[in-house]
Amino acid sequence: MKANQYIRYIVPTLLFGTQRTKKIVNVNPTSEAHRQDSKESFITVYDYNEQGFSEDKLTLVEESFTFLDNNHISWINVDGLIKANVEKIADHFRIHPLLAEDILSIGQRPKMDEVEGIFYCLLNMLYYNRKQDCVETEQISIVLGKNFVITFQEDPEKDVFNPLREKIKLQNSKLRQRGADYLCYSMLDLIVDNYFLVMERLGERIESVEEEVIRNSNKRSLASISQLRKELIILKRNIGPVRDMIAGITRSESELLDERTTKYFKDVYDHIVQAYDLCENYRDITGSMQDLYINNVNLRMNEVMKVMAIVTCLLAPATVIGGIFGMNFESIPLLHNKWGFMVAVGTMLLIPVWMLRMFRKKGWF
Amino acid sequence: MKANQYIRYIVPTLLFGTQRTKKIVNVNPTSEAHRQDSKESFITVYDYNEQGFSEDKLTLVEESFTFLDNNHISWINVDGLIKANVEKIADHFRIHPLLAEDILSIGQRPKMDEVEGIFYCLLNMLYYNRKQDCVETEQISIVLGKNFVITFQEDPEKDVFNPLREKIKLQNSKLRQRGADYLCYSMLDLIVDNYFLVMERLGERIESVEEEVIRNSNKRSLASISQLRKELIILKRNIGPVRDMIAGITRSESELLDERTTKYFKDVYDHIVQAYDLCENYRDITGSMQDLYINNVNLRMNEVMKVMAIVTCLLAPATVIGGIFGMNFESIPLLHNKWGFMVAVGTMLLIPVWMLRMFRKKGWF
Amino acid sequence: MKANQYIRYIVPTLLFGTQRTKKIVNVNPTSEAHRQDSKESFITVYDYNEQGFSEDKLTLVEESFTFLDNNHISWINVDGLIKANVEKIADHFRIHPLLAEDILSIGQRPKMDEVEGIFYCLLNMLYYNRKQDCVETEQISIVLGKNFVITFQEDPEKDVFNPLREKIKLQNSKLRQRGADYLCYSMLDLIVDNYFLVMERLGERIESVEEEVIRNSNKRSLASISQLRKELIILKRNIGPVRDMIAGITRSESELLDERTTKYFKDVYDHIVQAYDLCENYRDITGSMQDLYINNVNLRMNEVMKVMAIVTCLLAPATVIGGIFGMNFESIPLLHNKWGFMVAVGTMLLIPVWMLRMFRKKGWF
Amino acid sequence: MKANQYIRYIVPTLLFGTQRTKKIVNVNPTSEAHRQDSKESFITVYDYNEQGFSEDKLTLVEESFTFLDNNHISWINVDGLIKANVEKIADHFRIHPLLAEDILSIGQRPKMDEVEGIFYCLLNMLYYNRKQDCVETEQISIVLGKNFVITFQEDPEKDVFNPLREKIKLQNSKLRQRGADYLCYSMLDLIVDNYFLVMERLGERIESVEEEVIRNSNKRSLASISQLRKELIILKRNIGPVRDMIAGITRSESELLDERTTKYFKDVYDHIVQAYDLCENYRDITGSMQDLYINNVNLRMNEVMKVMAIVTCLLAPATVIGGIFGMNFESIPLLHNKWGFMVAVGTMLLIPVWMLRMFRKKGWF
Amino acid sequence: MKANQYIRYIVPTLLFGTQRTKKIVNVNPTSEAHRQDSKESFITVYDYNEQGFSEDKLTLVEESFTFLDNNHISWINVDGLIKANVEKIADHFRIHPLLAEDILSIGQRPKMDEVEGIFYCLLNMLYYNRKQDCVETEQISIVLGKNFVITFQEDPEKDVFNPLREKIKLQNSKLRQRGADYLCYSMLDLIVDNYFLVMERLGERIESVEEEVIRNSNKRSLASISQLRKELIILKRNIGPVRDMIAGITRSESELLDERTTKYFKDVYDHIVQAYDLCENYRDITGSMQDLYINNVNLRMNEVMKVMAIVTCLLAPATVIGGIFGMNFESIPLLHNKWGFMVAVGTMLLIPVWMLRMFRKKGWF
């Protein structure tokens, strides 16, 4: 066997990387100190009511303060977290210091809170990184107050709110006709919808790995399954608490949430429950893929071993016969017979044939 | 061993198809955009009260509008979903836009909702496809309003409501004497009853696969078990939420549901709970079938290996004896003895016989 | 190895029969149409109050109608279900048509219901069939009304109520001094008590199978375990819902149930909970029996393979030495030496002895 | 291999005894008839109040009747159950016949009940039998009435109440200053405390079996693990319901339980919850011990098989070479060469050395 | 194979030490008698209000009594438990004797209690011992009364309260402005935060063990995984009840807890829930590490066995051919042919080459 032929059985160390494990095991939501300030922080304000709409890119945090009491609905989107800025905003918009701490925390579990007239949601947006086939998270904090929503995101590059930005510009969109709670709902809806996109990608990956396992199970397949399972842990960890969170919103009796908006949140809740169920299905499927893989490897191995054992066994009688007539006794029957050799070789051939028959009769191969 | 004899151990790629996995993993209820309008949409109205009955096939959506306030019970059955039509109906019958969205959605989780005087159920009808031995689903939306029920189905070809159509025609049937809520109950009852038919087919399949596993476990059996498990995931995914949904209906205090009808819904609930239990039993049984399969494969393999090892082992001493007397030493005892050969061959035979006895004594075979 | 010696490893197809699986997977409580009318239906009425007692075997269903309002407690026992009869009784005793349907249904899940002044219990009596070592079920419906109890049984041959029949005849028995609810309790109590008898038999079977697994694990043991597990599924399926049912009765605030009787139902509840726990224990034990079986089979197999491998390995050096001195080179050392043969054979013996020592030192056997 | 060396792999039938299984599977709490009257029944009365204390050994059951209404706290301890006596006491102390039945029952699940001014607890005291390393149970019934506690025990020889007997004698003990409910609490507390002693013993056994599994896994270890698991089933079966029972007491609003005593019961509850948790931990640990055992056995087996296979494989080329030069062809190269033999034997040695190198390079051993 | 090469397969007894098992299985919270008095007991009092702060190291227990009613907030920290001292304090600060018992108990399950105006928490601080890679616990009791908090710790050397000591000294810290309940919250917060530090260490260990399993699975890895699992049992046992405990605090309606403080406790609750989730993730990951380990070991073993079997099998035909032409028959074809030897040896070479091809074609290696 050449080296490059069994290479595929060698443990692919790189694939089994422990980086994901690191991501999963190293969570410490309590130590806010770890978060480094972003280099830059972009603040964009979408200020609207049924009649008008304006979009402002602010350069100073303080500029946002004017939007607190202007009777319009204001969405203040903060991209990139700088401790000083967050605290200034929290201070002016009367966000409880504990919430400010949560905004700045790392690795928080999705949660919902209502403190002194402020409604607060913390959750993760998920993205699927196609290059590394893994799920990426970005923490987002949504602060809902009277007539304003403030969102705090980690990464200025990306979010899932572009459809929202479009809708705000349309005068006859429902968004423009409803209050800040509807804006908050729209955000959660988009985030949860995006979970399904991520799961769709992961679903495709599960499919292709299953295909691989079925066609040619190799060590690489096991690595892929193992990686998928880790992604599912990350997925479930993010989706599970969001489910509880949104259930909490639908039960909430906050004055900030208009009764008309409740049924929209219930709709989001239906979706997140389905996402969670789907997660469980994924888990089931990867589990049975692993069983299948192990079964395939064993079956192939067994097949080889069986054939080898049978061949070795079939040839053993011939060796014995060869040994018998190779002995140097003076008087061995048949030795001087003209047909002796033929008889011996014939027996060597006949015994395996007879054995084969017997084996086959017993259904051994 | 001939090729066509071990063929049955080759992984049957086709059987392990990943299409079902695709069906299971790729669910995204949030993106309504995906649904393509049906080519055709058939609207049938069954309009009845205790005295009379009429059946109309409509050509225009707008014709259905007259049935809203005619004091008869009307069942408007829409086969084939066309976005424009659904929205027109929703608009006229005052169905909330969110519900209209749900009607048009794909891959939704079964759910129940009550919004502004409209009672809404979304679930799947299940059919068993005997050709591919798989469970097929068709989404159905049941909208219950005051004096009317509107059903939206995807596939004009099939549904499970034929017994209902018969009963409507019978003047003395209970259906004719009760309100729209009883019609809604009758629909859910038929859908759930049909689940049992599907499960019966699946049960037969489980039986025949078990038979196969017991008689001659081969790779194909594993594929069948694996396929069955996927069908069970799909089954459970559909039945589980329906259970919650019907429990919700029995608890509901909607004015649309007559108190006299509640006990009928409780009856449906009993059935769906039993369907769910049965699902769990199916799972148990397929699980132990898989164990049985693996056990059978291992046992047969072990048996073969053991016999091979024993035969090889029994012949080894003969080889050694043959080797001893085949050596070319000048002075080997017995070589020139007349009975030498007989003694040697005799020993060759006696040792295995003695070994066999010892092995058997130790209960090794 | 003779055929009759490995026969015990051959899969005993008959033992692994799929009939039980059929029983488990084919449940369809919704299709009442399947039930065929019994050939005969026996109606016995036990009519009693504190003072008197009468037992009547009725020939016509209509005769039972007089017992509805006679101020005595009446137990009307119907053995053998005939649709027409059941419906006549239901009609006269004001049993809701849905309940009548349940009485006639097949494969129902145990349930309890209270509809319009009628208290209804449906459950299964269990019997242990010693011949086939399986659990048999007989559906029984208990209808409790004001002053009467009607029981519907499938099989006229057997039930578990004989002790009750005795007690009814005793004037000073508590049964005679209490109302119809106490009669109903007595029935449930007897049915649940009988579950324990069935479990006792099953327990004995578990014991004897365990004994068998320990003494000589063979394929037949696996079949027995597999069969036991199916019986446990059937047992659990019957006991679980009965538990919920009786819990429901203890919580019920029906006027039909005297408060004094509640504590008796609580007593039955304690028993059924214990039966359920016991079921779980049985499951645990059969699970670990299966583990034990697999372990035993593997261990024995391993032992054999190891000894074979060791024997083969020990003899290999001798073969090589034989080969060396059997070569036809002109000048081979020792060949012409007087002690040559002895040295060669001695080495053949010494090497295995040395190997054995080394193996033993490493603890390999 | 000598017989006494593989003896440790033989299934130790005696160790795997099915008696424990019998104990676990054969539970039938419904058939009171099975209990045989004890040969003797000892009745001891501890009668006390804050001022005084007396201890009386009664010879007749009737003597105990005077303690019902004497305004002292009386603990009537009945050791050994005789049906007639129990019924006499039940009758006089107004204990409901159902409770009397429970007192006389066998194999009951721990339960709590409050019937007509009587508070009733049934549970098992556990003892650890060091000789057979198993958990023994003794059923105890505690009947709490106004000013009296009656305990019914099966075995006159042993109980766990000695510390209580000491405390009763001490005038300034809290026991003397509180009511009958405190006495009842003290009993439950002692019983639960004793559970921990039993678990401590079992814990030691788990430790020593783990030690054994690690040092030299043999079949006996598996028997020990299997036995431990059965003990844990018995433990859990006793502790689980006691937990529910004591939770029931803490929630109870019986007049018999002084509010001041509630926090003491809560303390017992904390302990029993911890005992239950501990039980789960034990289960986890024995589970992973079994895994470890199987792994060890497999690893050792694999090691042996690998070495055997390698040795056999290394010697095979030498056999072939020996065969080549042992052929009787007329013209075989090297045969007449002076160094021929050396070359042949040298090759025989070199090939295995080269193979060994290659194997080692691939990390095969 | 040299001894030092397979040494890594030998069970590393030391690593599998049973000390941790001892720690897990031997828990008995009921026997307070076991706790030995500490040699020394240090009492430090931090007495503060918004205006001032003092820190006192007391030499006599009695000195602490003055802090009960001085209108300042007092934190009395007792390091080292001496029975007499604890009882004196409990007596003076009106702590219920049951709580005093709990303070002195060993191996208690974390619990919360409120008795007669005293709020009591018992839990464990966790530390990670880097040397032995294990989790250490130190029991702490927090007693919250009106205006005072008393903490009882076992080990004077260490605790997690240093940040608190710093904050107390800062006049403008929130701690100084709030009541004793905020002090109690701060303590629980620090303890829970410290859990995450411990889990971080454990997470690092999990990572490094996973790395090890992937790179070179050996017996030592299994020992490490087994050890990790035990640590996780200890972790979960400590975190689970703390979760329930803090949930209890957030629901508590004690007068000792200011409503403003509730949201802080809710924050701690969020953290402890996340810690618990993380624990579950750890468990998942170690579980799949074990699977991976077993798979790796099997795969490597299989690879070796397969190659050995193939080599042995390939050489078997050559042995037979050697035997054939080594027979001493008079007339063997080719023997006297000039090319005979070449033909024989050629066949010996060609057969394995042909076999290799066939094996490869069947994908056997």
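Residue numbers (this note's numbering), protein chains in the order written: chain A, 3 to 367; chain B, 3 to 367; chain C, 3 to 367; chain D, 3 to 367; chain E, 3 to 367.
Beta carbons are placed, not taken as given, at the ideal position from N, Cα and C, and that holds for glycine.
Cα separation between residue i and residue j?
| i | j | result |
| --- | --- | --- |
| H338 (chain A) | A346 (chain A) | 12 Å |
| P14 (chain E) | L301 (chain E) | Below a pLDDT of 50, predicted positions are generally treated as unreliable, and P14 (chain E), at 41, falls in that range; the measurement from the model is reported next regardless. Roughly 22 Å separates the two Cα atoms. |
| F55 (chain E) | R180 (chain E) | 14 Å |
| I12 (chain C) | I216 (chain B) | Low confidence applies to I12 (chain C): its pLDDT is 37, below 50, so where it sits in the model is not reliable enough to give any reading. |
| I193 (chain A) | I241 (chain B) | 28 Å |
| E1 (chain D) | R222 (chain C) | A query on residue 1 (chain D) cannot be resolved here, the shown segment of chain D reaching from 3 to 367 and no further. |
| M350 (chain E) | P319 (chain E) | 7 Å |
| A5 (chain E) | I296 (chain E) | Residue confidence is low: A5 (chain E) scores 36 on pLDDT, short of 50, so the model does not pin down where it sits. Its coordinate-derived value is still stated next. Taking the straight line from one Cα to the other gives about 23 Å. |
| K363 (chain A) | M357 (chain A) | 10 Å |
| L294 (chain A) | N304 (chain A) | 15 Å |
| H94 (chain E) | E255 (chain E) | 25 Å |
| Y122 (chain D) | S107 (chain D) | 14 Å |
| S226 (chain D) | D279 (chain D) | 22 Å |
| C281 (chain B) | Q110 (chain C) | 15 Å |
| L316 (chain A) | W341 (chain B) | 30 Å |
| N158 (chain E) | A182 (chain E) | Here residue 158 (chain E) turns out to be Pro, not Asn, going by the sequence shown. Taking the straight line from one Cα to the other gives about 23 Å. |
Since residue i and residue j should fall inside the 8 Å C-beta cutoff, what is the C-beta to C-beta distance between them, to a whole number of angstroms?
| i | j | result |
| --- | --- | --- |
| D135 (chain E) | K85 (chain E) | Wrong, their Cβ atoms sit about 34 Å apart, outside the cutoff. |
| I170 (chain D) | V145 (chain D) | No, I170 (chain D) and V145 (chain D) are not in contact; Cβ-Cβ is about 18 Å, not under 8 Å. |
| L128 (chain D) | Y50 (chain D) | Not quite, the Cβ-Cβ distance comes to about 28 Å (not below 8 Å), so this is no contact. |
| Y266 (chain A) | I248 (chain A) | Incorrect: roughly 11 Å between the Cβ atoms, too far for contact. |
| V137 (chain D) | L237 (chain D) | 6 Å |
Original post:
Which residues, in order along the stretch 298–329 of chain E, keep a beta-carbon less than 8 Å from a beta-carbon of chain A?
Top reply: N298, L301, N304, E305, M307, K308, V309, A311, I312, T314, C315, A318, P319, T321, V322, G324, G325, I326, G328, M329
**OP:** May I ask you to list, following chain order, the residues of the stretch 330–357 of chain A that have a beta carbon less than 9 Å from some beta carbon of chain B?
**Re:** Per Cβ criterion, the list reads N330, F331, E332, S333, I334, P335, M357.
Original post:
Just by C-beta distance, which residues in the stretch 227–239 of chain D are closer than 7 Å to chain E?
Top reply: Under the 7 Å Cβ criterion, the stretch 227–239 of chain D contributes no residue.
**OP:** Examine the Cβ distances between the stretch 294–313 of chain A and the stretch 307–314 of chain B and report whether three or more of them are shorter than 8 Å.
**Re:** yes
Original post:
In chain order, what residues of the stretch 274–300 of chain A put their CB closer than 7 Å to some CB of chain B?
Top reply: V275, Q276, D279, L280, N283, Y284, D286, I287, S290, L294, N297, N298
**OP:** Name, going along the chain, the residues of the stretch 205–226 of chain B whose beta-carbon falls closer than 7 Å to a beta-carbon of chain C.
**Re:** G205, I208, E209, E212, E213, I216, R217
Original post:
Contact between the stretch 69–83 of chain A and the stretch 217–232 of chain E: three or more CB pairs below 8 Å?
Top reply: no
Subject >> Proximal residues, the stretch 246–275 of chain E versus chain A, C-beta separation under 8 Å >> reply: K265, Y266, K268, D269, D272, H273, V275
Original post:
Is there contact here, the stretch 97–114 of chain C with the stretch 173–187 of chain C, by at least three beta-carbon pairs under 8 Å?
Top reply: As far as the Cβ criterion goes, the stretch 97–114 of chain C does not touch the stretch 173–187 of chain C, which means the pair count is below three.
**OP:** With a floor of 3 residues, list each beta strand (DSSP E) that falls wholly inside the stretch 265–297 of chain A, ordered by position along the chain.
**Re:** Complete beta strand (DSSP E) runs here, min 3: none at all.
Subject >> Residues in the stretch 125–145 of chain B having any Cβ partner in chain A nearer than 9 Å >> reply: none
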